[in-house]
Amino acid sequence: MAGSWEALSDDRADILIAPQTGWVLPEAKTEVVGSIGFTWVAAPDHFVHKRAGEFDIEAQTRYRVIAIADSARSKPARSINVLEKQDRLTVTNFAAKLEALEQGLGIGTLPTHVARQKIADGTLVKIEGSEELTAPVIMAWKRNQMGKAKSWVIRNLPKICHFEFS
1001 MAGSWEALSD DRADILIAPQ TGWVLPEAKT EVVGSIGFTW VAAPDHFVHK
1051 RAGEFDIEAQ TRYRVIAIAD SARSKPARSI NVLEKQDRLT VTNFAAKLEA
1101 LEQGLGIGTL PTHVARQKIA DGTLVKIEGS EELTAPVIMA WKRNQMGKAK
1151 SWVIRNLPKI CHFEFS
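Using the numbering used here, you'd call the opening residue of the sequence shown number 1001 and step up by one each time.
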């Protein structure tokens, strides 16, 4: 999660479109352009489905979480929906996360629109008692080098694309 903000900060990216995770680059301007939902899932035979009770923080810490490695080069890595003391399996990309979840190597959140399809296919199951999570999708940019193309995208993208992933 820090890697995309680092790219914007280091001028390796002009515009960032991503879920808002609570940390924002101070010199960046942001605009909400939609929202994304996240659903907790695991393989059908994963032992998380045999538990009773709420899927709260205490319950979550008992299960290994599958997390995608942060692409940050120099900033501290950031993760969402991963607890400090939780065992984790870090994978390199989204496809590897899906594969690890489907193989029963851990639990994790997926964008709801992806989770819904995997649940319908029978390859993953929603974790009973887990809450649906929602985050705003933001567009962020630095105002220091505003060319015509960047200005056009910032002005028009919110009008032509509203990012709703739920």
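Each residue gets a CB set at the ideal place from its N, CA and C atoms; glycine is no exception.
Computed from a predicted structure; not experimentally measured.
Excluding the 5 residues flanking it on each side, Trp1040 has same chain C-beta neighbours closer than 6 Å at Thr1109, Ile1127, Ser1130, in chain order. For Ala1067, DSSP records a beta bridge to Thr1090. A distance below 9 Å separates the beta carbons of Ala1042 and Leu1124.
Comparing alpha carbon positions, the residue from Lys1097, Cys1161, Leu1157, Pro1026 closest to Arg1143 is Pro1026. The region 1083-1100 and the region 1054-1067 touch, with three or more beta-carbon pairs separated by less than 8 Å.
Counting along the chain, the unbroken alpha helix (DSSP H) around Ser1151 starts and ends at 1148-1160.
If you check the CB distance, Ile1015 and Ala1140 come in under 9 Å. Excluding five sequence positions before and after Gly1104, the CB atoms of its chain that fall closer than 8 Å to its own CB belong to Ala1042, Ala1043, Asp1045, His1046, given in chain order. Checking the DSSP bridge columns, you'll see Pro1044 has no partner listed.
Between Gly1034 and the set Glu1006, Ala1135, Arg1116, Asp1011, the nearest pair of CA atoms involves Ala1135.
When the beta-carbon positions are compared, Leu1098 and Gly1037 stay at least 9 Å from each other. DSSP lists Pro1019, Gly1034 as the beta-bridge partner residues of Val1137.
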